[in-house]
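Following my numbering from start to finish, the sequence shown increments by one per residue and tops out at 207.
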Amino acid sequence: MKTIFFSSDINIIDEWKKKHNVENSITCHDLISLKSEIKNTKHSIVIADYDSVSSDVNSLISSGSIPSKLIVLEKEPSIVTGKMLILRGVKAYGNSRMLNNHFMQMIQTVADENIWTYPELTAFLAKTAKKISLNENSKKLIEDRLSEKEKEVLHLILEGFINDAIASALNITTRTVKAHVSSIFNKLHVNDRVSLILLLK
């Protein structure tokens, strides 16, 4: 899958290419070249530098022409910005200077049609979803498809608990929690916690 880097800052693009050993990539410095490249390149991931092209990214979002696999990175990610971007269809949001292993995980997650965020943002989205009471459709879906133990695990996920904390709260092993989480994802037809939160909120 081809990577399209979108930034008006050539230094950050050079840094990304070197740090993450990205070979099959294209660089776009403005919205016109990006739109042209997206048209010509099927199956691409767009990585946008929010520090230099935020107005262009926001323009794509507001016009409804957001690329299907858009990743947005910035030097100082914020939960407020991340929430706004993820809820509007961005597939990943994080730090533009993240470690290579996180970068590779993010790329793979988005390539697999999933959503990737850093842990603090995922926890915030979960807590926000819990504060917003579940609508009747979500409650019915949970009631109809999940076992009692899976419901307990789900409610702790919505509180922002990580697997180890869920294991401790329910007095079960982390491995058992992972099995329940996997079963919840399968039964609700989602692939990750962020998709789960977006489904139920």
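Beta carbons are placed, not taken as given, at the ideal position from N, Cα and C, and that holds for glycine.
Keep in mind it's a predicted model, so treat the numbers as computed, not measured.
**Between the CA atoms of residue 153 and residue 132 - distance to the nearest angstrom** = 20 Å
**Prompt:** Whole-angstrom Cβ separation of residue 116 and residue 77, contact assumed at under 8 Å?
**Reply:** 6 Å
**Message:** Contact defined as beta carbons within less than 8 Å: I believe residue 75 pairs with residue 52. What is the distance between those atoms, to the nearest angstrom?
**Reply:** 7 Å
**Request:** Can you check the stretch 16 to 98 for any alpha helix (DSSP H) of at least 4 residues that lies completely inside it and give the ranges in chain order?
**Result:** 16 to 25, 37 to 46, 56 to 69, 85 to 93
**Request:** Would you please state the rounded distance, in angstroms, between the beta carbons of residue 32 and residue 10? I believe it to be under 8 Å.
**Result:** 5 Å
**Request:** With a cut-off of 8 Å on the beta carbons, I'd call residue 120 and residue 201 a contact; round off their distance for me.
**Result:** 7 Å
**Message:** Quick check on the burial criterion: 16 or more other C-beta atoms within 10 angstroms. Buried or exposed for residue 199?
**Reply:** buried
**Buried versus exposed, by CB contacts within 10 Å (16 or more), residue 127** = buried
**Request:** Could you pull the start and end residues of the alpha helix (DSSP H) that residue 207 belongs to?
**Result:** Careful: residue 207 lies outside any alpha helix (DSSP H) and carries neither H nor E.
**Exposure label - residue 16; buried when at least 16 CB within 10 Å** = exposed
**Asked** Nearest to residue 178 by alpha carbon, out of 191, 155, 193, 29?
**Response** 155
**Message:** For residue 216 and residue 61, what's the separation of their Cα atoms in angstroms?
**Reply:** The structure shown does not extend to residue 216, since the chain is modelled only from 7 through 207, so no value can be given for it.
**Request:** Could you work out which residue in 118, 90, 186 is closest to residue 151 when comparing CA atoms only?
**Result:** 186
**Asked** Run through DSSP, which three-state label would residue 123 get?
**Response** strand
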